[in-house]
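Novice: Take a look at this one; I'll ask things after.
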Amino acid sequence: MVSPADIPTVAVRDLPKDGVALLDVREDDEWAAGHAPGAKHIPMGELPARVGELDDLPDDQPVYVICRSGGRSARAAAWLNASGWDAVNVAGGMGSWKQEGRPMVGDHPGVEPEVL
Numbered sequence: 003m004v005s006p007a008d009i010p011t012v013a014v015r016d017l018p019k020d021g022v023a024l025l026d027v028r029e030d031d032e033w034a035a036g037h038a039p040g041a042k043h044i045p046m047g048e049l050p051a052r053v054g055e056l057d058d059l060p061d062d063q064p065v066y067v068i069c070r071s072g073g074r075s076a077r078a079a080a081w082l083n084a085s086g087w088d089a090v091n092v093a094g095g096m097g098s099w100k101q102e103g104r105p106m107v108g109d110h111p112g113v114e115p116e117v118l
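The working numbering numbers the first residue of the sequence shown as 3 and each following residue consecutively.
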């Protein structure tokens, strides 16, 4: 079992503003309510079956994994690292993303994006 201290982690404030390979592992309703522009969405429970979809991400940089608060993304990052990927957990998740004033988009036109 991988301990949380062994999972590479970065704070939202330390993420580059552009060009980050971001994987959102939240559920569909959370994604629809608000997510980072350009992020790839694969719910955590579907990740093992859909991991091949990450092949189109740049392979010269880590995959930054985000969820609502950092718990699911830490587990997903640990699984990805054990599977040969270079994955980094985003501490604080989308809650911190919003708090840091990073851009968000939602799937509901006319509705302000939010973090569920």
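Virtual Cβ for every residue (Gly too), placed ideally from N, Cα, C. Quick caveat, the model's predicted, so the values are computed rather than measured.
Going by DSSP, name the residue or residues bridged to V42.
Specialist: Looking at the sequence itself, residue 42 is Lys, so the reference to Val does not match. DSSP output for K42 lists L25 as bridge partner(s).
Novice: State buried or exposed for R52, treating a residue as buried only when at least 16 other CB atoms are found within 10 Å of its CB.
Specialist: When all chains shown are included, R52 counts as exposed.
Novice: Out of curiosity, what's the CA-to-CA distance linking H112 and E32?
Specialist: According to the sequence provided, residue 112 is Gly. The question's His does not apply to it. Whole-angstrom Cα-Cα distance: 17 Å.
Novice: Going by DSSP in three states, V12 sits in which element: helix, strand or coil?
Specialist: Strand.
Novice: If you follow the alpha helix (DSSP H) that G97 is in, where does it begin and where does it stop?
Specialist: From DSSP, the alpha helix (DSSP H) with G97 extends over G95 to Q101.
Novice: How would you write the range of the alpha helix (DSSP H) that D61 sits in, first residue to last?
Specialist: Segment: none, D61 is in no alpha helix (DSSP H) and carries neither H nor E.
Novice: Could you tell me whether the Cβ atoms of K42 and L17 are closer together than 8 Å?
Specialist: Not closer than 8 Å, so no.
Novice: Between which two residues does the alpha helix (DSSP H) containing P50 stretch?
Specialist: Residues L49 to R52.
Novice: Candidates D61, R104, M96 and G86: which alpha carbon is nearest V67's?
Specialist: Checking every option, the nearest Cα to that of V67 belongs to M96.
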